Amino acid sequence: MDSDSHQGHQHQHEHKEQGATAQPGMHPSFMRVIQQKQRLKDKLKNIKHKIGVYSAKGGVGKTTVAINLAYALHQKGFKVGLLDADIDCPNVTMFLGMEDAKMDNHAPLKPVEKDGIKIASTAMLVDELKRPIMWRGPLVTKMIGDFFEYTDWGELDYLVLDLSPGTSDTPLTIMQILDLDGFVIVTTPQRIAGVNSMRSGLMAKRMNVQVLGVVENMSDGKPSKSTDEVVSSLGTEFLGSVKQRAKISELSDKGKVHVLEDKEAAQEFEEIVDKLTKN
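Residue numbers (my numbering): 1008 to 1286.
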């Protein structure tokens, strides 16, 4: 058998083995995405639910919502993992007072457990927290895939993903390769936050990913007109408000979790979790 024939048979075998069938005229890059998605589906079969916390607008409090959502789920008795999917600007470890936590950078990656929650972040893989992670898109995309493909999450009821802002590499890759339950969209009462939150949700819908609901952070306690417009435009549910309070910033700076330290915050996130898990 000549070399070309051998390679052709080998590729056909790989496609069959990974459960993906090439369609006539399909570009190889699409085929690779399909194959990776199938591999990850098999790899993550012991994770029952995967929820992304997302907004195209930076500074709306995605990390605050993701962390407290994870802890609120854990308080309900669920097995929970938390992935800092903001690859080049990770903040979860600082919010949790875990600046010195490290993962062994040899596969399989082992999440670091804190308060019963399994946590993974690129911040746990760099030598110095303040050192910038200056990666171009392809490296960021590869790291996202590696976090799913080579991390031993074990059995989880929920994996919560704290996404980066924007509508490019990180959120796009996650929407392409991962079977998500859907996204929790985070916004604030500001109109500019609302506009960018709509962009986030519409991007998810275009990628056939469900929008599970909207959380208004830095709120006065009731959804603003802008947030109402986000909920209406996305045809989704308002999950709840997280009130603006100075204590939140103070607790974050100390690496403490709001739902463990503030009864009002605990109630807010309990209501959000109740809506997310009602089905």
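C-beta atoms are modelled at their ideal positions from N, C-alpha and C, and glycine is treated no differently. Treat the numbers as computed from the prediction; the structure is a model and nothing was measured.
Beta-bridge annotation (DSSP): F1245 is paired with V1221. At the C-beta level, F1190 and L1163 stay beyond 9 Å of one another.
Annotated three-state conformation of V1119 is strand, per DSSP. For secondary structure counted as the beta strand (DSSP E) over 3 or more consecutive residues, the stretch 1062 to 1098 holds these complete runs in sequence order: 1087 to 1092. Leaving aside the five residues that flank E1275 on each side, the residues in its chain whose CB is nearer than 8 Å to its CB run, in chain order, G1247, S1248, V1249 and K1250. With a contact defined as Cβ atoms closer than 8 Å, L1168 and K1057 qualify at about 7 Å. The beta-carbon distance between V1193 and V1099, rounded to whole angstroms, is 15 Å. This is too long to meet the 8 Å contact definition. Linking E1106 to V1202 through their CA atoms gives a straight-line distance of about 34 Å. A Cβ-Cβ contact shorter than 9 Å links K1117 with T1158. The residues P1097, V1099, S1128 and D1169, in chain order, have a CB closer than 6 Å to that of D1091 in the same chain once the five nearest residues on each side in sequence are set aside. A straight-line Cα-Cα distance of about 27 Å links E1277 and K1212.
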